[in-house]
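Colleague:
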Amino acid sequence: MRPILLLAAAVAVTLPLTVHAQTNPPQTLRIGVADDADALDPTLSRTLVGRFVFASLCDKLVDIDVKLNIVPQLAASYAWIDSKTLEFKLRPGMKFHDMTPVDAEAVKFSLERHLTLAGSTRKGEIGSLDHVMVVDPLTVRLVLKAPNSPFLAQLSDRSGMIVSPKAAMAAGANFGQNPVCAGPFKFTERVPQDRIVVDRFPEYWDAGNVHVNRVVYQPIVDATIRLANLRAGTLDMAERIAPTDMAQVKADPKLKAETFDGLGFQSLAFNIANGKQPRTPMMSDARVRQAFAAAIDRQAIVDVVYNGLFTPIAQAVPPNSPFYAPEIKPVGRDIAKAKRLLAEAGVKTPLTAELMITNAADQRQTGEVIQSMAAEAGFDVKLRATEFVTALKAQGDGDFEVFLIGWSGRADADGNLYNAIHTGTPLNDVKYSSVLVDGLLEQTRTETDVAVRRALYGKIAAQLNIDVPVMYIYSPKVLIGMSTKITGFAPIADGLIRIKGLKMGQ
Numbered sequence: 001m002r003p004i005l006l007l008a009a010a011v012a013v014t015l016p017l018t019v020h021a022q023t024n025p026p027q028t029l030r031i032g033v034a035d036d037a038d039a040l041d042p043t044l045s046r047t048l049v050g051r052f053v054f055a056s057l058c059d060k061l062v063d064i065d066v067k068l069n070i071v072p073q074l075a076a077s078y079a080w081i082d083s084k085t086l087e088f089k090l091r092p093g094m095k096f097h098d099m100t101p102v103d104a105e106a107v108k109f110s111l112e113r114h115l116t117l118a119g120s121t122r123k124g125e126i127g128s129l130d131h132v133m134v135v136d137p138l139t140v141r142l143v144l145k146a147p148n149s150p151f152l153a154q155l156s157d158r159s160g161m162i163v164s165p166k167a168a169m170a171a172g173a174n175f176g177q178n179p180v181c182a183g184p185f186k187f188t189e190r191v192p193q194d195r196i197v198v199d200r201f202p203e204y205w206d207a208g209n210v211h212v213n214r215v216v217y218q219p220i221v222d223a224t225i226r227l228a229n230l231r232a233g234t235l236d237m238a239e240r241i242a243p244t245d246m247a248q249v250k251a252d253p254k255l256k257a258e259t260f261d262g263l264g265f266q267s268l269a270f271n272i273a274n275g276k277q278p279r280t281p282m283m284s285d286a287r288v289r290q291a292f293a294a295a296i297d298r299q300a301i302v303d304v305v306y307n308g309l310f311t312p313i314a315q316a317v318p319p320n321s322p323f324y325a326p327e328i329k330p331v332g333r334d335i336a337k338a339k340r341l342l343a344e345a346g347v348k349t350p351l352t353a354e355l356m357i358t359n360a361a362d363q364r365q366t367g368e369v370i371q372s373m374a375a376e377a378g379f380d381v382k383l384r385a386t387e388f389v390t391a392l393k394a395q396g397d398g399d400f401e402v403f404l405i406g407w408s409g410r411a412d413a414d415g416n417l418y419n420a421i422h423t424g425t426p427l428n429d430v431k432y433s434s435v436l437v438d439g440l441l442e443q444t445r446t447e448t449d450v451a452v453r454r455a456l457y458g459k460i461a462a463q464l465n466i467d468v469p470v471m472y473i474y475s476p477k478v479l480i481g482m483s484t485k486i487t488g489f490a491p492i493a494d495g496l497i498r499i500k501g502l503k504m505g506q
């Protein structure tokens with residue numbers, strides 16, 4: 001009876017969502033997401049769910065396709081004029097949601113905003129941009145300080161999103177409360193922790209390829225309840241299905257599953273120098289972090305929590321990337337080594353360490369497995385469960401010691417590393433700084449040969465496994481469940497649900 005009771009309880013949770021759904025127009029797509037988004041401002045955003053919403057709201061200069069090729073989006077075409085000058089030709093007649101024109105001046109405004117707005121998380125991604133030249137209303141040139149091989153790929157994500165200058169200047173710091181972009185859907189409403197609603201924009205440049213009238217993003221942290229809503233029909237799609245639940249999706253005749261390799265990772269981020277709190281042994285001594293890492297069995301986490309579906313890794317680059325360094329393999333668990341390192345560091349055991357996790361069930365499960373493993377080496381791990389957006393703020397403020405945190409991944413490996421590891425970058429919340437790693441990261445940006453860049457990323461991974469500002473645990477698969485009525489889904493490895501092209505049958 002217990003599974004039935006659990007499902008009944010979960011279905012009961014869907015009732016308020018069902019009431020809300022009755023007010024929606026026909027062809028409304030309801031998507032269950034694992035967290036709430038942070039600021040709906042592409043310059044400030046740092047969450048995966050934010051990227052889901054932006055895929056509907058905010059078109060970019062370029063996008064990626066299922067083969068990870070870069071393809072035009074707002075741009076009709078692009079070309080490198082020389083090694084430091086990238087020219088975009090924009091599509092004519094495009095409009096923002098406030099009906100102002102999408103033109104070269106708007107591109108210039110948006111890119112400069114990414115670089116200069118206080119709190120921007122895009123600075124590290126396009127910091128090599130020197131200036132923007134408006135050639136004519138539909139032609140813009142981006143002039144770099146130096147050659148930068150991943151620069152174009154950065155523009156396939158939030159750094160390439162173009163916002164309405166009129167709306168952004170009027171809203172100032174509050175732009176994220178009512179974002180105005182040039183995507184297939186326009187912002188309608190947001191109720192924190194409940195829903196984000198976007199409606200079809202009739203003047204969209206590719207309106208003929210938009211077949212849905214409304215999209216409702218509903219944060220449901222518990223994967224079991226997300227699945228129950230999907231099976232009950234109060235959701236049409238659900239992302240981050242638990243690996244242990246995929247069999248239920250595949251067995252349900254009303255549902256279908258999408259499973260494919262992603263570009264991201266799950267990791268332990270070790271606070272080294274962020275915040276004003278006293279420096280703990282974990283923060284101040286790499287040997288303590290090495291000991292913690294040696295106590296963890298990546299494969300066991302994957303097997304116990306994720307049904308063996310994910311891939312253990314010891315680098316920020318997943319195996320499906322051309323920049324993956326095959327020589328950097330996860331090292332097996334070594335309790336004797338962990339104890340020896342702690343002894344060399346001169347710390348008394350058990351050494352207390354706080355591990356911040358989010359409220360998701362799999363994160364708690366992973367935290368408990370880590371807690372148990374680390375205890376054998378001499379660590380007393382205290383789990384600190386925190387709501388996701390609150391945890392991100394704590395991370396940015398330096399209010400953490402160790403944080404179990406993932407990254408959704410980018411097509412170019414630079415997007416998985418530079419902004420989080422290079423000294424002084426916006427997402428380097430552990431405040432790691434290494435002259436060696438900085439130099440290698442900068443070299444990967446100026447090098448164009450994939451094999452050479454791959455070797456450089458291998459050297460970076462090797463050094464990070466010595467310094468341990470981050471311990472990479474696994475690379476996840478993208479697991480999405482959806483109604484069989486939905487067609488046209490594109491399985492792109494960044495894991496985003498692109499609404500354009502989707503159709504909903506009766």
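Mapping the sequence shown onto my numbering, position 284 (from 1) lands on 284, and the numbers just tick up by one. Cβ coordinates follow ideal geometry from the N, Cα and C atoms, glycine included. Remember, predicted model here, so these are calculated numbers, not experimental data.
1. With DSSP as the reference, please indicate the residues paired to I70 in a beta bridge.
2. Return the CA-CA distance between D194 and Q218, expressed in angstroms with no decimal places.
3. What beta strand (DSSP E) runs, 3 residues minimum, are completely inside the region 422-491?
4. For W80, tell me which candidate among V102, D98, P150 has the shortest Cα-Cα distance.
5. Indicate whether R122 and R158 have their beta-carbon atoms separated by less than 8 Å.
6. With 16 other CB atoms within 10 Å as the buried threshold, where does I466 fall?
7. Going by the DSSP bridge assignment, what does D82 pair with across the sheet?
8. Considering only DSSP beta bridges, list what V216 is partnered with.
9. Which first and last residues belong to the alpha helix (DSSP H) in which V49 is found?
10. Taking just the CA atoms, how far does L111 sit from P42?
11. Does the distance from the C-beta atom of V216 to that of L57 stay below 8 Å?
12. How far does the beta strand (DSSP E) with K186 in it extend, from its first residue to its last?
13. Are the CB atoms of E87 and R141 within a distance shorter than 8 Å?
14. Name the residue from D98, D380, A360 whose alpha carbon lies nearest to the alpha carbon of D170.
15. Alpha carbon to alpha carbon, how far is K348 from D494? Give it in angstroms, no decimals.
16. For P72, which residues in the same chain have their Cβ closer than 7 Å to its Cβ, ignoring the five residues on either side in sequence?
17. Run through the region 106-194 for me and flag every whole beta strand (DSSP E) of 3 or more residues, listed as ranges in chain order.
18. What did DSSP end up calling D103 once you bin it into helix, strand or coil?
19. Within this structure, are the beta carbons of S475 and P318 separated by less than 8 Å?
20. Going by beta-carbon coordinates alone, are K89 and L44 separated by less than 8 Å?
21. Determine the direct distance from the alpha carbon of L227 to that of D245, and round the result to whole angstroms.
22. With a threshold of 8 Å on Cβ separation, who are the neighbours of L115 within its own chain once the five nearest residues in sequence on each side are excluded?
23. I'd like to know whether the C-beta atoms of G367 and L383 end up nearer to each other than 8 Å.
24. Please report the straight-line C-alpha distance between L440 and I460, rounded to a whole angstrom.
25. Quick one: measure Cβ to Cβ for V430 and P469, integer angstroms, because I've assumed they're closer than 8 Å.
26. Going by DSSP, which residues form a beta bridge with K503?
27. Quick test of your reading: E189 and A34, contact by CB under 8 Å. State the CB separation rounded to the nearest angstrom.
28. Assuming L502 and L48 form a contact by the criterion Cβ under 8 Å, report the distance between their Cβ atoms to the nearest whole angstrom.
29. Between R176 and F201, what straight-line distance do the alpha-carbon atoms span, to the nearest angstrom?
30. Between which two residues does the alpha helix (DSSP H) harbouring L227 extend?
31. Let me check understanding here. Comparing Cα to Cα, which of A385, V221, F292 lies closest to N473?
32. Taking the straight line between their C-alpha atoms, what separation do you get for Y418 and G505?
33. Could you give the first and the last residue of the continuous beta strand (DSSP E) run that contains A353?
34. Is it true that the CB of P281 sits closer than 8 Å to the CB of R298?
35. Measuring alpha carbon to alpha carbon, tell me which of Q27, R454, I241 ends up nearest T224.
36. Quick check on DSSP: helix, strand or coil for Q22?
Modeller: On the basis of the data shown:
1. Checking the DSSP bridge columns, you'll see I70 partnered with I64.
2. Computed Cα separation, rounded: 6 Å.
3. List check, beta strand (DSSP E) in window: 470-475, 477-483.
4. Ranking V102, D98, P150 by Cα distance to W80 puts P150 first.
5. Yes, these two residues count as a Cβ contact at 8 Å.
6. Looking at its Cβ environment, which holds fewer than 16 other Cβ atoms inside 10 Å, I466 is exposed.
7. According to DSSP, which records beta bridges pairwise, D82 is partnered with T85.
8. Note: V216 sits in a beta bridge opposite R30, V197.
9. Unbroken alpha helix (DSSP H) run through V49: 48-57.
10. About 11 Å.
11. Going by beta carbons, V216 and L57 fall outside the 8 Å limit.
12. That run of the beta strand (DSSP E) goes 185-191.
13. In terms of Cβ geometry, R141 and E87 form a close pair [threshold 8 Å].
14. The residue you asked about is not Asp; residue 170 is Ala in the sequence shown. The option with the nearest alpha carbon to A170 is D98.
15. Their backbone Cα atoms lie some 43 Å apart in a straight line.
16. Here the set comprises V62, Y78.
17. 129-136, 139-144, 185-191, all fully within the region 106-194.
18. DSSP, read as helix, strand or coil, puts D103 in coil.
19. Their beta carbons are under 8 Å apart, which means S475 touches P318 by this criterion.
20. It is not a contact, given that the beta carbons lie outside the stated cut-off.
21. Approximately 8 Å between the Cα atoms of the pair.
22. Within the same chain, and ignoring the five residues on either side of L115 in sequence, the residues whose Cβ sits closer than 8 Å to its Cβ are R122, K123, I126, G127, L129.
23. Contact annotation: G367 and L383 have beta-carbon atoms nearer than 8 Å.
24. Straight-line Cα distance between these residues: approximately 7 Å.
25. That pair is a contact at about 5 Å.
26. Partner(s): T487.
27. Contact doesn't hold; Cβ gap of about 21 Å is too wide.
28. With a Cβ gap of about 19 Å, L502 and L48 do not count as contacting.
29. It should be pointed out that residue 176 corresponds to Gly in this sequence rather than to Arg. Rounded to whole angstroms, G176 to F201 spans 18 Å at the Cα level.
30. 223-232 is the extent of the alpha helix (DSSP H) around L227.
31. The sequence shown places Ile at residue 473, not Asn. It is F292 whose Cα lies nearest to the Cα of I473.
32. One Cα belongs to Y418, the other to G505, and the distance between them is close to 43 Å.
33. Bounds of the beta strand (DSSP E) holding A353 are 351-358.
34. Contact: no.
35. Comparing C-alpha distances from T224 to each of Q27, R454, I241 shows the shortest one belongs to I241.
36. Low local confidence applies: a pLDDT of 45 at Q22 is under 50, so the model's placement there is unreliable, with the coordinate-based value given in what follows. Three-state result, Q22: coil.
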